[in-house]
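Numbering (UniProt numbering), first residue to last: 1 to 220. Where a beta carbon is used, it is the ideal one built from N, C-alpha and C, also for glycine. Predicted model only: the values in this text are computed from it and were never measured. A short worksheet on the structure shown next.
Structure, rendered in structure tokens:
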């Protein structure tokens with residue numbers, strides 16, 4: 001089965017259920033966060049065996065290369081091994097990319113306990129939501145405003161799930177290009193990886209875009 005489809009089937013539709021109504025009396029917001037936390041944990045768990053499998057496949061291809069005297073290109077086993085290492089350490093690789101663009105380490109906004117990490121994107125989220133929270137509080141009350149803000153954090157968590165999925169798809173795309181089974185070159189998987197890392201780091205992406213627009217005279 002195509003691995004891209006496998007990732008999509010396994011994960012992509014799961015976040016949609018995070019918007020479901022209360023289940024069995026459980027608070028809907030808490031249920032959403034628990035689902036997001038479970039999906040993020042599952043992605044982290046499967047990344048290791050998938051990465052290890054890719055490294056084993058790459059090592060086997062490297063062995064064939066030495067035995068068959070160059071019938072298999074050197075780039076194929078090396079890129080496969082590299083893709084495996086990237087898959088195992090995808091969060092560290094995400095931190096490298098976010099450090100490159102935003103000078104910050106990657107952080108996960110929904111913790112394993114399903115709690116919201118207030119320290120994650122704290123400055124960016126307060127800058128984006130401060131005025132909104134005040135407006136909602138004036139229209140309704142502080143409790144409603146806090147629920148609204150918590151839901152925004154949950155939405156960022158959903159985007160992080162989607163970003164993780166496509167980041168891993170991008171990594172696997174490197175292996176497909178090396179194998180010659182992809183229709184495009186390395187540009188596509190690398191672009192997917194960069195774009196998905198920007199989605200994972202959505203608050204920084206938004207604030208950077210807003211600041212850039214403000215510099216050219218477009219304000220919100």
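Could you pull out every residue in the same chain whose Cβ sits closer than 7 angstroms to the Cβ of residue i, ignoring the five residues on either side in sequence?
{"i": "residue 94", "result": "106, 167, 197, 200"}
{"i": "residue 104", "result": "98, 204"}
When the Cα atoms are used, what is the spatial distance from residue i to residue j?
{"i": "residue 144", "j": "residue 151", "result": "11 angstroms"}
{"i": "residue 51", "j": "residue 149", "result": "36 angstroms"}
{"i": "residue 216", "j": "residue 59", "result": "51 angstroms"}
{"i": "residue 32", "j": "residue 115", "result": "11 angstroms"}
{"i": "residue 22", "j": "residue 36", "result": "Residue placement at residue 22 is poorly supported in this model, since its pLDDT is 46, which falls under 50; the coordinates still yield a value, given next. The straight-line gap from Cα to Cα measures roughly 15 angstroms."}
{"i": "residue 134", "j": "residue 141", "result": "9 angstroms"}
{"i": "residue 54", "j": "residue 80", "result": "6 angstroms"}
{"i": "residue 229", "j": "residue 174", "result": "Nothing about residue 229 can be read from this structure; the chain reaches only from 1 to 220."}
{"i": "residue 162", "j": "residue 77", "result": "28 angstroms"}
{"i": "residue 120", "j": "residue 192", "result": "24 angstroms"}
{"i": "residue 211", "j": "residue 194", "result": "20 angstroms"}
Is it right to say residue i is buried, meaning 16 or more other beta carbons lie within 10 angstroms of its own, or is it exposed?
{"i": "residue 146", "result": "exposed"}
{"i": "residue 92", "result": "exposed"}
{"i": "residue 49", "result": "exposed"}
{"i": "residue 96", "result": "exposed"}
{"i": "residue 157", "result": "buried"}
Reducing DSSP to helix, strand and coil, say where residue i ends up.
{"i": "residue 109", "result": "coil"}
{"i": "residue 194", "result": "helix"}
{"i": "residue 116", "result": "strand"}
{"i": "residue 74", "result": "coil"}
{"i": "residue 156", "result": "helix"}
{"i": "residue 103", "result": "coil"}
{"i": "residue 140", "result": "coil"}
{"i": "residue 217", "result": "coil"}
Mind checking which residues open and close the alpha helix (DSSP H) that includes residue i?
{"i": "residue 180", "result": "Note, residue 180: premise wrong, no alpha helix (DSSP H); not H, not E."}
{"i": "residue 46", "result": "28-68"}
Near residue i, which residues of its chain fall below 6 angstroms by C-beta distance, leaving aside the five closest residues on each side in sequence?
{"i": "residue 86", "result": "93, 171"}
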